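To keep things clear, I will list the structure first and then write my remarks on it.
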Amino acid sequence: MISASIFSPLNPQLHIPDGFLNTVVALVFWLLTIVFVSIATRRLQADYDERLTPLMGILAAFIFASQMINFPVAGGTSGHLLGGALAAVVLGPWAAILVMTAVIAAQAILFQDGGLLVMGANIFNMGILTALIGFGLYRSAAGRSRRTKLIAVTAAAWLSVMAGALSTSLQLWISGTTTLKIVMPTMLGIHALIGIGEALITVGAIAFIMQTRPDLLSDEKITAKGGRLWIVVGGVITLLVVLLAPFASVSPDGLERVAEDLGFLNTSIDAPYQLLPDYSIPFLGETTLSTVVAGAIGILAVAGLVLLLARTLRKASLPTKHRQPTE
Amino acid sequence: MQTSTFDRYQSGDSPIHHLDPRVKVIITVLFILSNALIPDGVWLGFFLALMLVLVITGWAGLTWSFALKRSLIVLPFTLAAVTIIFSMPGSPLGIIQIGPWALIPTDTGLIRFISIMFRSLLSVQMAILLTATTPFPDLIHAFRHLRLPQPLVATLSFMYRYLFVLSDETTRLLRARRARSASLPGKQSGGPLLWRAGVAGNMVGQLFLRSLERGDRVYQAMLARGYTGHLYTLNPHIMQRQDWLFAGLASAYLLFIQVVCRIALFY
């Protein structure tokens, strides 16, 4: 009855099913995800060699299984884990991305929990954003007291859920599937509560591991998993969430106006479903053509940015590459 | 072992079960992409897509409502899209009064909402058929043949191996907690919320450490038994004539749906 309890409709999840994102948005996020995952595998293979996949496999199974552990909250609802921040804290950012990718892929393939075409977006929201925030904040507490670290973990876990919810709502909105005005406050409100459960379980788990196997979470281990640049990455995303979330839920009109001023909103609602119809028919509409070009430029720009970020990140943490695997 | 909870595979001996998993994966993805490209309100397109789902269900020897029933799992998510009914500009269909709020559904909004619904349900139905007719190890095999990054595929296959072991471990942890949480009828067992969350957190930590240790032992055992990084399956997976035929027919049908939709847009 396990599957019935975790995957019941009463447990709101962030997994977007197919059909809810438009094709362009889905593909852009697939692209982003592929970039992150391929960097992750490359970096990890350098560190672990042939032991990589068994280790990542069991850790993915661990995240999957730990989502089964719940605690009663009230009125028949229960809190349980998404696991992204926990994975980032214990495994480091790249391993967390790979592990969460496997978890989300398996959930989609085995349980149809989340779509296939939109899987890139799901991995981005629940695997990549959570890993970046989770590790970034935890890294900033490296070398500090146990209490500071636990506070950082708590904040990271809560924020990771909020970041996921924020990004999910924005994707749905850009796809023309929802109205920001209602969905954003609802999503953020629900997930502010879910995030508390996430934070409590995560901090409980980390405290337990710190007590029983302090060697796994020692300061050397943290710094070996990523350089100082991660603090910046975590900080920037945190700032984005902290600034954007209240703005978006209190005055979604503001966000809509910004998007409209940038010429973003109108194209986003009309274009994607007419993008291909017009494309396959000889007389191309002027606006549609411009949308296609704009979309292509956007994709290239995002890809370029990510590659640039990846290169700097790799340079920043180059010394770790030559370190001997400690296990 | 709770094999049944994780594996949605329905064993069978149908032509669909015998298809090469690569073909099934590709056609499923193309089908979902095709749904995404059916324009709003072109009901004929959705109807044609549904026909394909039903034909494949029939071929696979499943009851016709098999995928339809299971696809209802996406319904909770549709709450996120409901607002579009009232927010898209279009001609109003009336007014719904809920307390102080007046909601005005529009025709374009409603059409868009129903289209999103159909796209989502149909896509999930095909994905359900894929997992119902293909054992997971065969799917992994297909991913490998389709050149998905090797570390990711291997991680997935290992994950599948360990899933059963770790879920048993978790079930034992949960059972132990239940056994120690006796309570009087009508009263909640255990301490306050924070305490309960802490216990759950410690269980997760415990599970992590056990997973690490167990993973190591299982890996050593697998090496000792000759594991070389491949999962074997009894199915040979060589593309046969019927595989090519099915792939060709199904893609042609999907193309046909798209063409019909484009033509329908003009009328």
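For the protein sequence lines, the chains are A and B, in the order given.
The opening residue of the first sequence carries number 454 in our numbering; numbering runs sequentially from there.
The opening residue of the second sequence carries number 566 in our numbering; numbering runs sequentially from there.
Glycine included, every Cβ here is placed at the ideal spot set by N, Cα and C.
Remember, it's a predicted structure, so these values are computed and weren't measured experimentally.
- Among the CB atoms of chain B, one or more fall inside 7 Å of the CB of G510(A).
- Between Q565(A) and chain B, the shortest Cβ-Cβ separation is below 7 Å.
- For F631(B), no CB of chain A lies under 7 Å from its own CB, so it is not counted at the interface with that chain.
- Taking a Cβ-Cβ threshold of 8 Å, the residues of chain A close to L704(B) are I562, in chain order.
- For F577(A), no CB of chain B lies under 7 Å from its own CB, so it is not counted at the interface with that chain.
- Between A549(A) and A561(A), the C-beta spacing is not below 7 Å.
- For A815(B), the enclosing alpha helix (DSSP H) has its first and last residue at 806-829.
- Taking 7 Å as the cut-off, the Cβ atoms of A594(A) and A605(A) count as close.
- For L668(B), the enclosing beta strand (DSSP E) stretches over residues 666-668.
- Under a 10 Å Cβ-count criterion, H583(B) is classified as exposed, with fewer than 16 other Cβ atoms of the shown protein chains found around its own Cβ.
- Contact of M768(B) with chain A is assigned, a C-beta pair being separated by under 7 Å.
- Leaving aside the five residues that flank S636(B) on each side, the residues in its chain whose CB is nearer than 7 Å to its CB run, in chain order, L686, V689, Q690, I693.
- P657(B) sits in a strand when the DSSP states are folded into three classes.
- Across the structure, L749(B) and R740(B) are spaced so that their CA atoms are roughly 18 Å apart.
- Per DSSP, the beta bridge partners of I663(B) are W666(B).
- With respect to the C-alpha of P580(B), the residue from T622(B), L675(B), F611(B) having the closest C-alpha is T622(B).
- With the criterion set as a beta carbon lying under 8 Å from some beta carbon of chain B, the members of the segment 627-642 of chain A are G629, T630, T631, T632, K634, I635, V636, M640, in sequence order.
- Taken atom to atom, the span from the alpha-carbon of T494(A) to that of K678(A) is near 14 Å.
- Taken through DSSP and simplified to helix, strand or coil, T554(A) comes out as helix.
- With a threshold of 7 Å between beta carbons, A645(B) makes contact with chain A.
- Contact residues of the segment 592-603 of chain A toward chain B are absent (C-beta to C-beta distance below 9 Å).
- Separation of I487(A) and L534(A) (C-alpha to C-alpha, rounded to the nearest whole angstrom) is 25 Å.
- For a Cβ distance threshold of 8 Å, residue set G766 of chain B lies close to V656(A), ordered along the chain.
- Bridge partners of T671(B) according to DSSP: P657(B).
- Using a 10 angstroms sphere on the CB of R592(A), the tally of other CB atoms reaches 16 or more, which defines it as buried.
- Nearest neighbour of I581(A) by Cα position, chosen from M521(A), I557(A), D566(A), Q565(A), turns out to be I557(A).
- Looking from the CA of L731(B), the closest CA among L569(A), Q624(A), A513(A) belongs to A513(A).
- With contact defined as three or more Cβ pairs closer than 8 Å, the segment 666-680 of chain B and the segment 711-724 of chain B are not in contact.
- Less than 7 Å divides the Cβ of V694(A) from the Cβ of L619(A).
- Linking V543(A) to I659(A) through their CA atoms gives a straight-line distance of about 8 Å.
- Judged by DSSP secondary structure, V543(A) falls within the alpha helix (DSSP H) whose first and last residues are 537-544.
- In the three-state DSSP reduction, N475(A) falls in the coil class, being neither helix nor strand.
- Nearest C-alpha to H644(A) among F661(A), A616(A), F517(A), L603(A): A616(A).
- Cβ neighbours of A610(A) within its own chain (closer than 6 Å, five residues either side excluded): A538, E651, A652, T655.
- Taking the C-beta atoms as reference points, G626(B) is found no nearer than 7 Å to M653(B).
- Considering only beta carbons, the part of the segment 661-683 of chain A lying closer than 7 Å to chain B consists of F661, I662, T665, R666, in chain order.
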